[in-house]
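Student: Protein chains in written order, with numbering that gives the first Met the number 0: chain G, 0 to 255; chain H, 0 to 292; chain P, 0 to 343.
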Amino acid sequence: MLDIRNVSLSFGALKVLNNASFSLGKGEVLGLIGPNGAGKTSMMNVITGIHRPQTGEIRLGGIDITTSKPHEIAERGLRRTFQTSLLCSGMSVVENVMLGLEPQPAYGFWGALVGSPKVRQWEEEARQKSMEMLDWMGMAAFADRPGSSLSFGQQRLVEIARALVSRPSVLLLDEPAVGLTAPRVDELAEKIVSIRTEFGTSILLIEHVMQLVFAACSRVVVMNAGEVIADGDPKTVTADPRVVESYLGRGYYAES
Amino acid sequence: MLSVLLASGVANGLLYGLVALGVVVLAKAANAFNFSQGDVMALGGFVSYAVIVTMGYGSVAALPIVVIVALFVGVLSYLLLRPLMDAQHAVALLTATIGLSFLVKGTIRLIWGRQGDYFAVPPLVSGPPIILFDGAVIIPLQHLVMSGGAVLMLALFALFFRFTRLGLFMRSVADNPRAARIVGIPTELVLCSAMVLSLVVSAVAGFLLAPATLIFPDMGFSLFLKGFAAAIIGGMMSLPGAVIGGVLLGVTEVLVSGYISSTAQELSAFVLIFVALIFFPRGLFGGRSSRSV
Amino acid sequence: MAVPVQSIRSAWRSGSWVYPVAIAVVVALIGMTLNPYLLFLLTRVVIFSMLVAGLNVLMGYSGLLSFAHAALFGIGAYVTGLMQVHLGVPYPVALLTATVGVTGAGTLLVLPALRLSGIHLAIATLAVAQAVHWVLINWSAVTFGAGGFRAPSIAIFGLNATQSIFLTSLVLTTIGYLMVRQLVRTSFGRKFVAIRDNSVAAAANGVNVTATKTIAFALSAGCAGLAGGLYSALLGFVAPESFNLEQMILMKVMAVVGGLGTMLGSMIGPALVIFLQEQLRDSQGWLEIIFGAVLIGFVLFLPKGIAPLIYRVLAGKRTETVETGPRTGQKVGLSAPTDRAVEN
Ligand SMILES: Nc1ncnc2c1ncn2[C@@H]1O[C@H](COP(=O)(O)OP(=O)(O)O)[C@@H](O)[C@H]1O
Ligand SMILES: [Mg+2]
């Protein structure tokens, strides 16, 4: 689905991604792990067009998206959540989710200006779809609350609903479990697995919470200092001495 | 001709540089901008008018009073705007300082507006212009005094940042606000000093400018605009850059006014501001910006 | 009696055109009984409502700071007036040309907005505005310079000049208001708010940030141009000082006082500011002090302006609802859980 080949990104003298390659298969849930500052979020920013890599190539379903704009990539069916972003505070929760459906409403500018019947119909359908999506995420009760009134963890779930409402073929999640308690993390893992089974979405999951990675991912890619240092099934990878050294720490080795 | 033009361009430019210095200090330490800086500069001019012309004291007496008034306005501004001085409120703060600018301007108009439209402040020092190389270079004394005063202010600023504790605090907050907070630098004090300093330096610029021009209540906004432009040209984060930016702006203005037309002078500033913002948002010396999204 | 209140409330919220039109009719009837001076003021309120509605889309909804709208307003007035004076074009044609022209000019402002934001954008638009003002003053051969010129007034249905421009402005403003309000309740409104609140997240969700900013600038410029054209016929005398920075700041005060990001605020703000302005007409100094204080006061203590208070009264209870931003919801806030759910 998604192929990242030899991608490098620098901010001035700082090399953030160094010739990194991996790919995400169709219907796969792939974990992307690594220490803080390894370049995971930067990788996601490069994939979604927020940063343009200096070298390398990114393909989505065989199409080169390396130089596409973020909204073009989103329209091609790749959506994401952010590590630290918040919902739009000026909109209700359901409106935030509706934003995920916006790219091409069936009406144009003039239709919206005069309020044609098409507008009403599209808006109602969009609202319906968004409510269903919220319901699926278990957040329907908050639909009419302002986005900013939710807790950080709740905003995360709404953000996932927003990313999913357009039924993307690829979903990128940046540390969705930050700030969740252990039982909530288990719920989230279940959700992520059912996103894959119910919608057939391929998922790239950046996560520090290993509990979630093990529960949801069939394969794991490990990054360190901008490079991909391991790629394989979770068990094998977490046993790799290099991974243990750079990320999990010696203590982890001893425990397992 | 050229030397007179250049002298006045450099002198005006140094004053823009002072305003720009205020802009940079506030931007660095508090990540904020204050539209009322120009009006406080005007206030500096009016206060010196009051001291020198109305009360009949000398220029020497005017300076400390200008500084005291600016200190007062600065502390008041800080107390008023304190709740808005953080990242989430950047736009609100900007809007509030527009209100502040109106407040200062209105106050000037209330106090002096009834006495006339334009006011003249006598020169700080009077005397014949300095003539060098048998008249090839003529520098009006007034401009020399202005430049001298501005340079002195700049030097004081540099010394302040280098050698005082507060200056050191302000520098470290500018470099890394979070780290500065963690090591216990008094953020409140730094924010307050930045606000006060930026207004004091503007007011002193007004004091220096007043004798060289006619002062009027509405003069402030375009001065702020020029100071801001100078800061942009200088890269927004550098004190010497701000001063160089100011001089560049001042010299451009007088050259346009001298060789093209005096009405085009104001326009040249706006064009320069626009060009600087669009093409050199990181300053003339900061290189072209590269941005994604 | 509770039922009608409820239905008024939901009709208002749902974006029905009935209430704004009813209000416009009442305003028209009242206006026709007023003396010329009061009618002149009322017409100013109406015209500025159109302008501020556009400005609100730009500053309130989309979060783009512009200082150029007084200048755009001025270009609208000048083009409308000068086309009649120099070319003998009839008023409707001049007005239409001005609106289209200013929309085009204002759309160009998106170019700096693509590179700049916040104060940098504000200052860039300010420089443009000052340059426009400079041209108005110095291109005397066409603009008649600093002294200004006499712009023709209009007469319809045998009414006097003020009544004619009043009705024309009221009709156009009502239509414009309804259209803009309709627009901000659709996906366009959500896109505006999204680029304001979080443009990176908006882009990642498929919002074309460039296109959205362009629409916001075009729309607000169109409102400013049309309002300017109406203003020239109202004033009868067009001069640069009606469109200077001071006016721009008053427009900002109108938007802030009414409520940024609310359409209702676009009407309340101009009414209050113009009323206050008339009270303070004799003292420019006090006017500046009071408007300065009002601006600071609202930013500090009532940052959402007056409109949300009115929405709250209409909603009849103090629930936490979205008071600014688009209202696509038909029953916003009425079914929401009132307890604040706790996570973790
Ligand atoms: N916009 C940016 N400008 C400069 N440096 C950046 C930027 N974004 C990220 N970095 C740097 O890139 C490195 C990788 O960061 P990031 O991708 O966020 O890591 P991770 O998500 O793995 O923790 C860090 O050193 C960070 O400071
Ligand atoms: Mg990260």
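Heads up, the beta-carbon is just placed ideally off N, CA and C, and yes, glycines get one too.
(1) Name, in chain order, the residues that DSSP records as bridge partners for A19 of chain G.
(2) Is there contact here, the stretch 137-154 of chain P with the stretch 74-84 of chain G, by at least three beta-carbon pairs under 8 Å?
(3) Between G:A160, G:S165, G:H207, which has its C-alpha nearest F190 of chain G's C-alpha?
(4) Taking the continuous beta strand (DSSP E) assigned at V169 of chain G, which residues delimit it?
(5) Listed from N- to C-terminal order along the chain, which residues in the stretch 209-222 of chain P have their beta-carbon within a distance smaller than 7 Å of any beta-carbon of chain G?
(6) Can you tell me which residues form a DSSP beta bridge with A119 of chain H?
(7) Assign A202 of chain H to one of three DSSP states: helix, strand, or coil.
(8) Which stretch, first to last residue, makes up the beta strand (DSSP E) that contains A229 of chain G?
(9) Closer than 7 Å to a non-hydrogen atom of ligand 1 - does that hold for the CB of F81 of chain G?
(10) For T53 of chain H, which residues does DSSP report across the bridge?
(11) Mind pulling the chain P residues with CB within less than 9 Å of T262 of chain H?
(12) Say yes only if the C-beta of V6 of chain G is nearer than 7 Å to one or more non-hydrogen atoms of ligand 1, and no if none qualify.
(13) Classify L233 of chain P: buried if its beta carbon has 16 or more other beta carbons within 10 angstroms, exposed otherwise.
(14) Of the residues G:F213, G:L59, G:W109, which one's Cα is nearest the Cα of F21 of chain G?
(15) Would a check of beta-carbon distances place S48 of chain P closer than 8 Å to chain G?
(16) Does DSSP put T79 of chain P in a helix, in a strand, or in coil?
(17) Would you mind sorting T200 of chain G into buried or exposed? The rule is 16 or more other CB atoms within 10 Å of its CB.
(18) Helix or strand or just coil, what does DSSP make of S165 of chain G?
(19) Just checking: is the beta-carbon of L224 of chain H within a distance shorter than 8 Å of some beta-carbon in chain P?
(20) So, for T32 of chain P: in the same chain, excluding its five sequence neighbours on each side, which residues have a beta-carbon less than 6 Å away from its beta-carbon?
(21) Grab the span of the alpha helix (DSSP H) containing I174 of chain P for me, first residue to last.
(22) Closer than 8 Å, CB to CB, is G60 of chain G near chain P or not?
(23) Chain P partners of V113 of chain G, CB-CB under 8 Å?
(24) Please return the same chain residues whose Cβ sits closer than 7 Å to the Cβ of A123 of chain P, not counting the five positions on each side in sequence.
(25) Note down, in chain order, each residue of its chain lying with its Cβ closer than 7 Å to the Cβ of V96 of chain G, except the 5 sequence neighbours on either side.
(26) Rounded to whole angstroms, what's the CA-CA distance from S41 of chain G to V28 of chain G? Just pull it up for me.
(27) Give the DSSP-derived three-state secondary structure of M84 of chain H in the structure shown.
(28) Taking N344 of chain P as the query, report the chain G residues whose CB atoms sit under 7 Å from its CB, ordered along the chain.
(29) Are the beta-carbon atoms of L13 of chain H and V195 of chain H separated by less than 8 Å?
(30) Mind checking who E56 of chain G pairs with in its DSSP beta bridge?
(31) With a cut-off of 8 Å, does the C-beta of A89 of chain H fall near any C-beta of chain P?
(32) Of the residues H:V90, H:C191, H:V72, which one's Cα is nearest the Cα of M58 of chain P?
(33) Less than 7 Å between the CB of T40 of chain G and some heavy atom of ligand 2, yes or no?
(34) Where does D63 of chain G sit, in a helix, a strand or coil, going by DSSP?
(35) Please return the same chain residues whose Cβ sits closer than 8 Å to the Cβ of F198 of chain G, not counting the five positions on each side in sequence.
(36) C216 of chain G versus chain P: which residues are under 7 Å apart at the beta carbon?
Tutor: To lay it out plainly:
(1) Locating residue 19 of chain G in the first sequence gives position 20, counting from the first residue. Answer by DSSP bridge pairing, in chain order: G:V6.
(2) The stretch 74-84 of chain G and the stretch 137-154 of chain P do not touch, with fewer than three beta-carbon pairs separated by less than 8 Å.
(3) Stepping through the first sequence from its first residue, residue 190 of chain G is reached at position 191. In the sequence as presented, Phe is not what sits at residue 190 of chain G; that position holds Lys. Nearest option by C-alpha distance: G:A160.
(4) In the first sequence, counting from the first residue as 1, residue 169 of chain G sits at position 170. Counting along the chain, the beta strand (DSSP E) containing V169 of chain G begins and ends at 169-173.
(5) The stretch 209-222 of chain P vs chain G, Cβ under 7 Å: I214.
(6) The count along the second sequence starts at 1 and reaches residue 119 of chain H at position 120. DSSP links A119 of chain H through a beta bridge to H:L213.
(7) As a first step, residue 202 of chain H is located in the second sequence; it is residue number 203 there, counting from the start. Annotated three-state conformation of A202 of chain H is helix, per DSSP.
(8) Taking the first sequence and counting its residues from 1, one reaches residue 229 of chain G at position 230. Start and end: 226-231.
(9) The residue labelled residue 81 of chain G in the question sits at position 82 within the first sequence. Flag unset: Cβ of F81 of chain G not near ligand 1.
(10) Here residue 53 of chain H refers to the residue found at position 54 of the second sequence. For T53 of chain H, DSSP records no beta bridge to any residue.
(11) As a position in the second sequence, residue 262 of chain H is number 263, starting the count at 1. By Cβ distance, chain P contributes W133, I136, N137.
(12) Looking up residue 6 of chain G in the first sequence gives position 7. V6 of chain G has its Cβ no nearer than 7 Å to any heavy atom of ligand 1.
(13) For the purposes of this step, residue 233 of chain P is identified with residue 234 of the third sequence, where counting begins at 1. Buried: at least 16 other Cβ atoms inside 10 Å.
(14) Here residue 21 of chain G corresponds to residue number 22 of the first sequence, with the count starting at 1. Among G:F213, G:L59, G:W109, the Cα nearest to that of F21 of chain G is on G:L59.
(15) On the third sequence, residue 48 of chain P is found 49 positions in, with the first residue counted as 1. Cβ-Cβ to chain G under 8 Å: no for S48 of chain P.
(16) Against the third sequence, residue 79 of chain P aligns to sequence position 80. Under the three-state reduction of DSSP, T79 of chain P is assigned to helix.
(17) Translated into positions along the first sequence, residue 200 of chain G becomes position 201. Buried, since its Cβ has 16 or more Cβ neighbours within 10 Å.
(18) Against the first sequence, residue 165 of chain G aligns to sequence position 166. Coil.
(19) On the second sequence, residue 224 of chain H is found 225 positions in, with the first residue counted as 1. The beta-carbon of L224 of chain H is placed less than 8 Å from the nearest beta-carbon of chain P.
(20) Looking up residue 32 of chain P in the third sequence gives position 33. So the list is empty, once near-sequence residues are dropped.
(21) Residue numbering aside, residue 174 of chain P sits at position 175 when the third sequence is read from its first letter. In the DSSP annotation of this structure, the continuous segment of the alpha helix (DSSP H) that includes I174 of chain P starts and ends at 160-183.
(22) Position 61 of the first sequence, counting from 1, holds the residue named residue 60 of chain G. Interface criterion not met: the Cβ of G60 of chain G is under 8 Å from no Cβ in chain P.
(23) The residue you call residue 113 of chain G lines up with position 114 of the first sequence. Result: M178, Q181.
(24) One-based indexing of the third sequence puts residue 123 of chain P at position 124. A distance below 7 Å between beta-carbons, with the five flanking residues on each side excluded, links A123 of chain P to the following residues of its chain, in chain order: P111, L115.
(25) Your numbering for residue 96 of chain G matches position 97 in the first sequence. Taken in chain order, the residues that qualify are S129, M132, L133, V157, A160, R161, V164.
(26) Locating residue 41 of chain G in the first sequence gives position 42, where the first residue counts as 1. Locating residue 28 of chain G in the first sequence gives position 29, where the first residue counts as 1. Roughly 19 Å separates the two Cα atoms.
(27) In the second sequence, residue 84 of chain H corresponds to position 85, counting from 1. In the structure shown, M84 of chain H falls within a coil segment according to DSSP collapsed to helix, strand and coil.
(28) Residue numbering for chain P in the displayed model covers 0 to 343; residue 344 of chain P lies beyond these limits and cannot be assessed.
(29) Within the second sequence, numbered from 1, the residue matching residue 13 of chain H stands at position 14. Within the second sequence, numbered from 1, the residue matching residue 195 of chain H stands at position 196. Going by C-beta atoms, L13 of chain H is not nearer than 8 Å to V195 of chain H.
(30) By one-based count along the first sequence, residue 56 of chain G stands at place 57. According to DSSP, which records beta bridges pairwise, E56 of chain G is partnered with G:R4.
(31) On the second sequence, residue 89 of chain H is found 90 positions in, with the first residue counted as 1. By the rule that beta-carbons nearer than 8 Å mark a contact, A89 of chain H touches chain P.
(32) The residue labelled residue 58 of chain P in the question sits at position 59 within the third sequence. Relative to M58 of chain P, the option among H:V90, H:C191, H:V72 whose CA is nearest is H:V90.
(33) Translated into the one-based positions of the first sequence, residue 40 of chain G becomes position 41. Yes, ligand 2 has a heavy atom inside 7 Å of this Cβ.
(34) Sequence index remark: in the first sequence, residue 63 of chain G carries index 64 (1-based). Strand at D63 of chain G.
(35) Working through the first sequence from its first residue, we reach residue 198 of chain G at position 199. Contacts found: L163, R166.
(36) Looking up residue 216 of chain G in the first sequence gives position 217. Taking the beta carbon of C216 of chain G as reference, no residue of chain P falls within 7 Å; the closest one sits roughly 22 Å away.
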